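**Q** If you read the sequences in order, they're chains A and B. Just so we're on the same page, our numbering is the position in the first sequence counted from 1, plus 63. Just so we're on the same page, our numbering is the position in the second sequence counted from 1, plus 2.
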Amino acid sequence: DTGVSQDPRHKITKRGQNVTFRCDPISEHNRLYWYRQTLGQGPEFLTYFQNEAQLEKSRLLSDRFSAERPKGSFSTLEIQRTEQGDSAMYLCASSLSGASGNTIYFGEGSWLTVV
Amino acid sequence: AQSVTQLGSHVSVSEGALVLLRCNYSSSVPPYLFWYVQYPNQGLQLLLKYTSAATLVKGINGFEAEFKKSETSFHLTKPSAHMSDAAEYFCAVSDPNNDMRFGAGTRLTVKP
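1. Helix, strand or coil for I62/B? Go by DSSP, reduced to three states.
2. So, are the CB atoms of C86/A and S129/A less than 8 Å apart?
3. Looking at the unbroken beta strand (DSSP E) that takes in V13/B, where does it start and where does it end?
4. Name the residues in the region 68–80 of chain A whose C-beta lies less than 7 Å from a C-beta of chain B; which are they?
5. Would you identify the three-state DSSP class for S86/B, choosing helix, strand or coil?
6. Using C-beta distances below 6 Å, list every residue in its chain close to R99/A, excluding the 5 sequence neighbours before and after it, in chain order.
7. Over what stretch of residues does the beta strand (DSSP E) that includes T139/A continue unbroken?
8. Taking 8 Å as the CB-CB limit, is P106/A close to chain B?
9. Which residues in chain A sit within 7 Å of A106/B, going by Cβ to Cβ distance?
10. When you compare only the Cα positions, how much space is there between P33/B and W174/A?
11. Taking the C-alpha atoms as reference points, what is the distance between P81/B and S11/B?
12. Determine contact between the region 37–52 of chain B and the region 73–89 of chain B, defined as no fewer than three beta-carbon pairs at a distance below 8 Å.
13. Using 8 Å as the threshold, is the region 138–147 of chain A in touch with the region 75–89 of chain A, meaning 3 or more CB pairs across them?
14. Count the other CB atoms within 10 Å of the CB of T166/A; is the residue buried (16 or more) or exposed (fewer)?
15. Using beta carbons (cut-off 8 Å, strictly below), is E146/A in contact with chain C?
16. When burial is assigned at 16 or more other CB atoms within 10 Å of the CB, is Y27/B buried or exposed?
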């Protein structure tokens with residue numbers, strides 16, 4: 064069990080550029096989540112996948128945001144035409160469905176700074 | 003819709019003193035409740051969780067929490083604070099589909 068890994072850990076980009084984050088979940092986990100966290104706030108749900116299917120998307124996920132999990136393993140979160148308001152930490156998490164109250168395990172997060 | 007409210011965005015205690023971080027939940031179904039800790043520039047680490055078994059839940063690092071349905075609360079406690087406990091703590095609630103929602107967090111400061 065190597066845990067949830069995210070890459071890159073930090074990204075500084077200019078406004079208007081596109082950025083992509085990658086998440087590798089715990090290998091046997093079939094659910095994968097993306098959250099966004101800004102300073103002084105708790106994580107806000109963005110979207111989640113069960114296997115390769117994207118089952119829920121928050122209204123926070125504007126059309127500039129897209130997430131994929133093509134083979135049901137790793138996932139990518141792309142932000143197009145970044146804005147300063149996108150500056151935040153993007154957290155990926157994974158869990159195993161099938162039993163209620165399953166623990167969601169988080170990665171270390173990917174910090175995005177838009178300048 | 004389910005939600006949690008954490009009372010107090012900042013809590014300061016002296017080393018060795020009792021830690022009490024408050025969390026109240028709202029849920030239309032029997033909830034699953036969690037406490038996570040976050041150290042600076044890191045992700046969230048699970049402290050403990052309640053999944054309808056024992057109402058008093060023991061977690062890592064000496065923390066425990068008690069589920070009180072009548073009060074819709076799930077407060078986190080630790081008898082004696084240590085300097086290493088200084089961090090941000092998040093209460094979270096999920097439904098049987100693992101749809102998890104977090105509180106705004108409580109920053110714990112431990113004074114020497």
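Backbone N, C-alpha and C define an ideal beta-carbon position, used for all residues, glycine too. All figures in this text were calculated on a predicted structure; none of them were measured in a lab.
**A** If we stick to the structure as given:
1. helix
2. no
3. 12–16
4. none
5. helix
6. E107, L109, A151, Y153
7. 138–142
8. yes
9. Q104, G105
10. 31 Å
11. 20 Å
12. yes
13. yes
14. buried
15. Among the protein chains of the structure shown, namely A and B, there is no chain C.
16. buried
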